[in-house]
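>
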Amino acid sequence: AVSGAAAAVGEGVVLVEGFLVLCDERVRERLDAVVVLDAEGGRVAQEELIRRKWTRRHLGKQSYQERGVLWEDYCVYWDDYVYRRFTEYALRGTPPPGKPLVTLDAMQPPSLLADTVQSRLSALLP
């Protein structure tokens, strides 16, 4: 569905980010594939992901770090809100039956993840 719309305008892949996507059946049905970033490695892996989010600029806004949010405070926000909501909602959602599922190691550098997603989806989708 989405890949057809993307192809109509000359694009190959549309990525929709967010763990809540899998909680809505209407959205799940429209997905051509699901990409999951898996952070195995316990707290060490989580802290790397937390650090990436804390230092990353997004949509022209300064990072949380640049805005003066302390690392310790951001970790509390992550633990008590972000990760808690992830375990509450994301684990409820399931990939659509019969649709490709690509699982990637979130600990890989973002540029490598982008290349891997592109190559794996290109191999799976028409």
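For what it's worth, the working numbering labels the leading residue of the sequence shown as 1, then goes sequentially. Beta carbons are placed, not taken as given, at the ideal position from N, Cα and C, and that holds for glycine. This structure is a prediction, so every number in the text was calculated from the model and none was measured.
#1: Measure from the alpha carbon of Glu-47 to the alpha carbon of each residue in Val-82, Leu-59, Cys-23 and Glu-29, then state which is nearest.
#2: Can you look up Asp-38 in the DSSP assignment and give me helix, strand or coil?
#3: For the stretch 93-113 against the stretch 35-54, do three or more pairs of beta-carbon atoms, one drawn from each stretch, fall closer than 8 Å, so that the two count as touching?
#4: Using the rule of at least 16 other Cβ atoms within 10 Å of the residue's Cβ for burial, across every protein chain shown, is Leu-22 buried or exposed?
#5: Is it true that the CB of Leu-15 sits closer than 7 Å to the CB of Pro-96?
#6: Going by DSSP in three states, Lys-61 sits in which element: helix, strand or coil?
#7: Check this for me: beta carbons of Gln-65 and Thr-55, under 7 Å apart or not?
#8: For Ile-50, collect the residues of the same chain with a Cβ closer than 8 Å to its Cβ; drop the 5 residues on either side in sequence, then sort them by chain order.
#9: Thinking C-beta only, is Pro-100 closer than 7 Å to Leu-124?
#10: Just curious, the beta strand (DSSP E) that Thr-103 is in, first and last residue?
By the coordinates alone:
#1: As a first step, residue 47 must be located in the sequence shown, where it is residue number 47. Taking only the C-alpha atoms, the option nearest Glu-47 is Val-82.
#2: Residue 38 sits at position 38 when you count from the first residue of the sequence shown. Asp-38: strand per DSSP, three-state reduction.
#3: yes
#4: Here residue 22 refers to the residue found at position 22 of the sequence shown. Its Cβ being crowded by 16 or more others within 10 Å, Leu-22 is buried.
#5: As a first step, residue 96 must be located in the sequence shown, where it is residue number 96. As a first step, residue 15 must be located in the sequence shown, where it is residue number 15. Taking 7 Å as the Cβ cut-off, Pro-96 and Leu-15 do not qualify as a contacting pair.
#6: Mapped onto the sequence shown, residue 61 falls at position 61. DSSP places Lys-61 in strand when its eight states are reduced to three.
#7: Locating residue 65 in the sequence shown gives position 65, where the first residue counts as 1. Locating residue 55 in the sequence shown gives position 55, where the first residue counts as 1. Yes; because the gap between Cβ atoms is below 7 Å, this pair is in contact.
#8: Working through the sequence shown from its first residue, we reach residue 50 at position 50. The residues are Tyr-74, Cys-75 and Trp-78.
#9: Mapped onto the sequence shown, residue 124 falls at position 124. Mapped onto the sequence shown, residue 100 falls at position 100. Yes; because the gap between Cβ atoms is below 7 Å, this pair is in contact.
#10: Taking the sequence shown and counting its residues from 1, one reaches residue 103 at position 103. Taken as a continuous stretch (DSSP letters only), the beta strand (DSSP E) holding Thr-103 covers 101-105.
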